[in-house]
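Visitor: For reference, the structure I am asking about is given below.
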Amino acid sequence: MNKKWAVKRLTINLTTEEMKKLESYCALTGRPATDVVRELLRTLEVDNAETPEMETADSTKTVGSWSKSQ
Numbered sequence: 000m001n002k003k004w005a006v007k008r009l010t011i012n013l014t015t016e017e018m019k020k021l022e023s024y025c026a027l028t029g030r031p032a033t034d035v036v037r038e039l040l041r042t043l044e045v046d047n048a049e050t051p052e053m054e055t056a057d058s059t060k061t062v063g064s065w066s067k068s069q
């Protein structure tokens, strides 16, 4: 099965503890970090009605969980 990806590169800064946790999980499951992070992103629930769309200069979008009080 061929998957065609619209590719954007993401660089994240992790604490030493976060990196150890990711590496341990990847070693335990045999999965690459990219797949683990991608799966975690897919599980995020974002309510588009309450999520303000924030664009940066390079047209990347920031998503997250926002409440009306923010």
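Each residue of the sequence shown is one higher than the last, beginning at 0 in numbering that gives the first Met the number 0. All C-beta atoms, glycine included, are put in the ideal place defined by N, C-alpha and C.
My output table needs one value for R41: the three-state DSSP class, helix, strand or coil.
Guide: Here the question's residue 41 lines up with position 42 in the sequence shown. Helix, per DSSP.
Visitor: CB-CB under 8 Å to E22, same chain, minus the five flanking residues each way: which ones, in chain order?
Guide: Stepping through the sequence shown from its first residue, residue 22 is reached at position 23. For E22, where only same-chain residues beyond five positions count, the Cβ hits under 8 Å are A32.
Visitor: Which same chain residues end up closer than 8 Å to C25 when comparing Cβ atoms and leaving out the 5 residues on each side of it in sequence?
Guide: By 1-based counting over the sequence shown, the position of residue 25 is 26. Excluding residues within five positions, the ones whose Cβ falls inside 8 Å are P31, A32 and V35.
Visitor: What residue from T15, M18 and R37 has the CA that sits closest to K7's CA?
Guide: As a first step, residue 7 is located in the sequence shown; it is residue number 8 there, counting from the start. Among T15, M18 and R37, the Cα nearest to that of K7 belongs to R37.
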